[in-house]
Amino acid sequence: MQPLLKVNNVNKTYGKGTQVFKALQNISFTVDEGEFIGVMGPSGAGKSTLLNVLATIDNPTSGDIFIGSDNVAKMKDKALADFRRDHLGFIFQDYNLLDSLTVRENIVLPLAIAKTPVKEIDERVNRIAETFGIKDLLSKYPYQISGGQKQRTASSRALVTTPKIIFADEPTGALDSKSATDLLESLSRLNETEQSTIMMVTHDAYAASFCQRIIFIQDGKLSKEVMRGTQTRKQFFQQILQVLASIGGEVNDVI
Amino acid sequence: MMLFDLARKNLQRNFSSYFLYIASMVFSIVIYFTFVTLKYNDDIEKMTGTSQKISSIMSGSAVVLLFFIVVFIAYSNSFFMKKRKKEVALYSLLGVRKQQIGFMLFFENLFIGIVSLIAGIGIGFLMSKVLLTILIRLMGYSLTAGFTFSMPAVINTIIVFSILFLFTSLQGYRVIYQFKLIDLFHAEKQGEAMPKASIISAIIGTASIATGYYFALADIMTSTAWRIIGIAMPIVIIGLTIFGTYLLFHSVSVFLLQAMKKIHRYAWKNLNLITTSQLLYRIRGNAKSLTVIAVLSATTITAGGAVFGLYYNISKTTTTSTPITFMWKGEALDVPEVDYHNTLTLKDVTLTNADAEYNYMFMSLSDYNKLAVQQGKQEMASIKEGQSVLLDPFFDERFSNKVKGETYTTADTQLQVAEQYEYGVTNIGTTGNIMIVADSTFETLQGEAILTQMYQVKEEADQLQISRDLEKRITEQQQAFTSHPADFEQSMSGAGAMLFVGSFLGLVFLTATGSIIYFKVISEAEADKDKYTILYKIGVNDQQMLKTIATQVAIIFGAPLIVGITHASVALLGFSNLLGMSITKPVLLWMAAYTLIYVLYYIFTTRAFYKIVKNARRNI
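Protein sequence lines, in the order shown, are assigned to chains X and L.
Oh and the first sequence: position 35 is 35 in full-length UniProt numbering, straight run, nothing missing.
Oh and the second sequence: position 516 is 516 in full-length UniProt numbering, straight run, nothing missing.
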C-alpha cells in the first residue's frame with residue numbers, strides 16, 4: 001500500500017555561512033493511512049520544526065515530503081494554503097482559537113473558507129461537536145470555557161474538514177491530567193473508528209502511550225522507533241520511559 | 001555619554017517606527033509654520049490694497065489650527081509611547097533606573113524635536129511660496145508671490161513647538177513612572193466580552209439623527225419646531241446629530257453586524273465570520289473616536305462646501321446685483337473699451353400705503369425693454385395704466401415683502417403692483433429695486449427726474465483698472481457709482497481668502513483624522529496579528545486574507561466618512577435652501593477631493609496592516 005505521508009531526506013538549516021544551525025538532518029520515514037504516530041525527543045531536538053515543515057507552515061531547506069501524491073516541499077505559497085485548507089488539520093498546545101468567535105463559529109471557520117454549503121456545515125459541525133462532547137458549548141465564547149473544552153474545540157476544528165492527516169503539537173501540554181486523558185481518548189477513538197491519520201508531537205510519555213508507533217528524534221536526526229504492537233497501553237508506557245531514559249529525554253516530566 | 005549613545009542607536013535601529021512619529025511632527029510644524037508665515041506676511045495687503053481682513057482671518061484660524069495640532073501631537077505621542085512600553089519595561093528589567101530611562105527618552109525627544117523643527121521650517125519655507133501663490137490666485141489676482149522668510153514666524157513656531165515637546169516629554173515621563181514591571185508579564189488578554197446590541201439605544205440613535213435631519217431641512221419660516229426652539233435650534237440640531245452618531249457607532253453598528261452574523265448563508269462563507277466579528281469589537285471599541293472623526297469630517301465638508309459654494313457663485317451673485325459694468329447717477333464720463341452706453345432718465349417717486357412711505361426709482365417700459373434686450377432678459381409686452389412691475393433681484397419667498405397686488409398712492413394717482421420679478425436690469429447699488437410702468441404713466445408721474453449713466457464694458461470682470469481710474473475721476477456731478485469689476489474683486493478677495501483658509505484647515509483636519517485612523521488600525525493590527533497567523537495555519541490563502549483586511553479597514557475608514565458626508569449633505573442642503581443658491585457642483589467637487597485623500601490613506605493603511613500580518617508569520 002502507498003504510504004499517506006512519505007518524508008524523504010528532509011533537511012532544515014537556519015543561518016548562513018559559518019553560523020549554520022542544522023535543525024533537521026536527513027529525516028526520512030513514512031506514515032500509513034490510519035496510523036496514530038507520536039514524535040518524541042528532548043527540548044531543542046527539532047520536534048516542532050519537523051511538525052511545522054511537514055504541516056507546510058515552514059519550508060524544508062531540502063528533501064521531499066509527499067502527502068498522498070503531492071510533494072508539498074515543492075509547492076508554491078498559494079497552492080500550499082489551499083492544500084492546508086483541504087487536506088490538513090492542526091491542533092496546537094495553546095489551542096489557537098479565535099476569541100472573537102463562538103465555539104461553533106471557530107469550528108465553522110475551516111469549512112467556510114473551503115466554501116462548503118451552509119447545510120452541510122451545520123451537519124458536520126453538529127456531528128463533530130457530539131464526538132468531542134462539546135455540543136452544549138457551541139454558542140459560548142472561548143473565554144467562557146475551560147482549557148480542556150478549548151482543546152476539544154480546537155480538535156473539532158481540526159477534524160471537521162476530515163483532513164487526510166492531523167498534526168497535533170503538544171495538544172495536552174496545557175491541560176490537567178483528566179482533560180488530557182479525555183482528549184487523548186477522543187483522538188484515539190477517532191483514529192480507530194474513522195481511520196483518521198494523526199501525527200502528534202509530545203514530550204509526555206503518558207500522552208505518547210496512546211500512539212501506535214513513536215519515532216524519537218535527537219539533535220535533528222531520527223534516533224529510534226518503537227511500536228506498540230500488541231502491548232497494553234501501560235506496557236507501552238513503560239517501554240517509552242525506558243527509551244527516553246536511554247536517550248536522555250525528559251523522564252522527569254512524567255513523575 | 002552612554003545614555004545619549006543608547007538613545008542615538010535606538011533611533012538608528014528603529015527608524016521605521018520612529019519615522020511615522022517624526023513625519024507627523026514635521027507635518028504639524030510645516031502646516032503651522034506656513035500658516036504663521038502667511039499671517040505675518042504683508043505682501044498680500046501691499047499687493048492688493050485690501051484691509052486687515054486677511055490677517056484677521058489668518059489669526060483666528062491659527063488658533064483653531066494650534067488647538068488641533070496639540071491634540072494631534074498628543075495622540076501621535078501616546079501611540080508612539082504605547083509601542084515602546086515593552087522596550088521601557090525591558091530596560092527596567094535589566095536594572096536601568098527609571099530616572100535614566102527618563103533621561104534617555106528626553107534626549108530622544110530633544111533630538112526628534114530639533115530634527116523635526118529644522119525639517120519642518122525648511123519645508124514650510126518652501127511651501128509658503130506655493131501656498132501664498134495659491135492664496136493670491138484664489139483671491140482673483142494674477143500675481144506671483146516671492147519667497148519670504150519671516151523671522152517672527154520662525155520664533156513663533158519654535159516657541160510653540162518647544163512647549164509642545166516639553167509636554168510630550170512629560171507624557172513620556174508619566175508612562176515610565178506609572179509603569180510597573182509586573183505589567184510586562186501580565187501583558188496579554190483576558191477575552192473581552194462580545195458587545196451586545198441594545199435595541200433601544202439603536203432605535204434612539206437612529207431617531208435622534210432623523211430628528212436632527214428633519215429640523216435641519218425644515219423651512220425656517222413655517223416650521224413649528226423652529227418657532228418654539230428659535231435661535232437655539234442649530235445647537236439642538238448639532239447636539240442631536242452628534243448624540244445620534246455616537247449611538248450609531250456604539251449600538252446600531254453592533255446591531256447590524258450581529259444580524260449579519262446570524263445570516264449563515266452570508267456569514268459562513270469565506271472569512272465573513274472574521275470580518276464581521278472583528279468589526280464588532282473594533283467599531284464598538286472605537287465608537288468615540290469614530291464619532292469625533294465623523295463629526296470633524298462633517299464640519300470640514302460643510303464649511304469647505306459652503307465656502308467653496310459661495311466662491312463658486314460669486315460671479316453669478318455679482319451679476320445679479322450689478323448687471324451693468326459701471327453705473328452712476330449724473331453726467332456722463334469718457335469710459336474706454338465701451339461695448340454700449342445708455343443714458344436714461346429715471347424718476348424718484350414717493351409712494352405711500354396704509355403702513356408707511358417708500359421711495360422707488362421708476363423706469364419706463366420702453367427703457368426697460370431696451371435694457372432687457374441688451375442683457376438678454378425677457379421683454380415685457382405692456383403694462384396697464386395704473387399698474388406697475390417691481391424688479392427685486394434678491395426676492396426670497398421667506399424673508400422678502402410680497403408686494404404683488406399691493407396698491408400704493410403717489411402724489412396724484414394710485415398704482416397697483418401687478419408683478420414682482422426676481423431679477424433686475426440695473427445695479428442695485430445705484431438704483432435700488434425699481435418699478436416699471438407704461439410709458440404714458442411714466443410721463444405723468446410726479447417725482448424728481450434722475451439722469452443715470454450705464455456703461456457696459458468688454459471683459460467686464462477684468463477691468464478693475466478702468467474701474468479704479470473711473471473712481472478717481474468721479475466728482476460731484478456723478479453719484480452712487482457702482483462697478484461690476486470692483487464688486488467682483490471685493491467678493492473674490494474675501495471669499496478667496498476664506499476658501500484658502502477653509503481648504504487649508506480642511507486639509508489639516510483631513511490629514512489628522514486620516515492619521516488617527518491609521519494609528520488606531522495599525523495598533524490594532526499589532527494586537528491582532530496572532531489571529532491572522534492562526535488563519536494562515538488553518539489554510540487561509542493570501543488573497544482571502546487581504547480581502548478580509550481590506551474590508552475591515554474599508555469599513556473603519558468608510559463608516560465615519562459616509563456618516564460625515566451624509567451629515568454635511570443635509571447641512572449644506574439646509575444652507576443652500578437658506579441662501580437660495582445652488583451649490584451642488586462645488587460641493588460635489590469638494591466631497592470628491594475629500595474622499596480621494598481618504599482613499600489614499602485607506603490604501604496606505606491596508607498595505608501596512610497586511611504587511612504586519614505577513615511579517616507575523618515569520619515568528620512561527
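C-beta: ideal position from N, C-alpha, C; glycine also.
- In chain order, Ala-81, Arg-85, Ile-113 make up the part of chain X whose C-beta sits under 8 angstroms from the C-beta of L/Val-540.
- For the C-beta of X/Tyr-14, not a single chain L residue is nearer than 9 angstroms; the gap to the nearest is close to 12 angstroms.
- Taking the Cα positions, L/Phe-80 is about 7 angstroms away from L/Tyr-21.
- Sequence-distant partners of L/Thr-350 (beyond 5 residues in either direction) whose C-beta falls short of 8 angstroms from its own C-beta, in its chain, are Glu-357, Tyr-358, Asn-359, Thr-410, Ala-411, Gly-447.
- If the five residues before and after L/Thr-606 are omitted, its C-beta is found closer than 7 angstroms to the C-beta atoms of Ile-549, Ala-550, Val-553, all from its own chain and listed in chain order.
- The residue among X/Gly-229, X/Pro-42, X/Glu-123, X/Gln-19 with its C-alpha nearest the C-alpha of X/Lys-221 is X/Pro-42.
- In this structure the region 111-124 of chain L lies against the region 29-44 of chain L, because at least three pairs of beta carbons, one per stretch, are closer than 8 angstroms.
- Below the 7 angstroms Cβ cutoff, chain L contributes Leu-273, Ile-538 as neighbours of X/Leu-109, in chain order.
- At a cut-off of 7 angstroms between C-beta atoms, L/Tyr-281 counts as an interface residue with respect to chain X.
- The Cβ of X/Leu-5 sits no closer than 7 angstroms to any Cβ of chain L.
- Counting only the Cα atoms, L/Leu-164 lies some 30 angstroms from L/Arg-282.
- Bounds of the beta strand (DSSP E) holding X/Val-226 are 221-227.
- Separation of the CB atoms of L/Val-295 and L/Thr-245 is rounded to 6 angstroms, and the pair is thereby assigned contact status at 8 angstroms.
- Contact residues of the region 247-277 of chain L toward chain X are Lys-261, His-264, Arg-265, Ala-267, Trp-268, Lys-269, Asn-270, Leu-271, Asn-272, Leu-273, Ile-274, Ser-277 (C-beta to C-beta distance below 9 angstroms).
- Its Cα nearest to that of L/Leu-415, the residue L/Ile-383 stands out among L/Ser-24, L/Ile-383, L/Val-425.
- Contact fails between the region 248-257 of chain L and the region 522-534 of chain L, because fewer than three Cβ pairs, one in each stretch, are under 8 angstroms apart.
- At a cut-off of 7 angstroms between beta-carbon atoms, L/Ile-549 makes no contact with chain X.
- Using a Cβ-Cβ cut-off of 7 angstroms, L/Ile-534 is close to Asn-96, Leu-98 of chain X, given in chain order.
- Here X/Asp-58 is not bridged, per DSSP, to any residue.
- Within a 10 Å sphere around the beta-carbon of L/Met-58 sit 16 or more other beta-carbons, which makes this residue buried.
- Separation of L/Ser-388 and L/Met-221 (C-alpha to C-alpha, rounded to the nearest whole angstrom) is 28 angstroms.
- At a C-beta separation below 9 angstroms, L/Gln-544 has these neighbours in chain X: Ala-81, Ile-113.
- For X/Glu-105, the residues of chain L that pass the 7 angstroms Cβ criterion are Leu-273, in the order they occur in the chain.
- Runs of the beta strand (DSSP E) spanning 3 or more residues and lying entirely within the region 334-418 of chain L occur at 338-352, 357-364, 387-391, 407-409, in chain order.
- Judged by DSSP secondary structure, L/Phe-215 falls within the alpha helix (DSSP H) whose first and last residues are 199-217.
- Counted as a single uninterrupted DSSP element, the stretch harbouring L/Gly-564 is not any beta strand (DSSP E) but the alpha helix (DSSP H) occupying residues 542-579.
- Residue nearest to L/Glu-419 within the set L/Val-403, L/Asn-427, L/Gln-544, L/Gly-432 is L/Val-403 (criterion: CA-CA distance).
- Remark: C-beta atoms of X/Leu-24 and X/Val-39 do not approach each other more closely than 7 angstroms.
- Spanning the alpha carbons of L/His-341 and L/Ala-486 requires a straight line of approximately 19 angstroms.
- Residue range 448-457 is occupied by the beta strand (DSSP E) that includes L/Gln-456.
- Between the region 589-609 of chain L and the region 319-330 of chain L, the count of C-beta pairs closer than 8 angstroms stays below three; the two stretches do not touch.
- Here DSSP, grouped into helix, strand and coil, assigns L/Met-221 to coil.
- Sequence-ordered contacts of the region 43-58 of chain X with chain L read Asn-52, Ile-57, Asp-58 [C-beta pairs closer than 7 angstroms].
- Pairing L/Trp-328 with L/Ser-467, the inter-Cα distance amounts to about 12 angstroms.
- Chain L has a Cβ within less than 7 angstroms of the Cβ of X/Phe-90.
- About 6 angstroms separates the beta carbon of L/Asn-270 from that of L/Gln-544, a gap short enough to meet the 8 angstroms contact definition.
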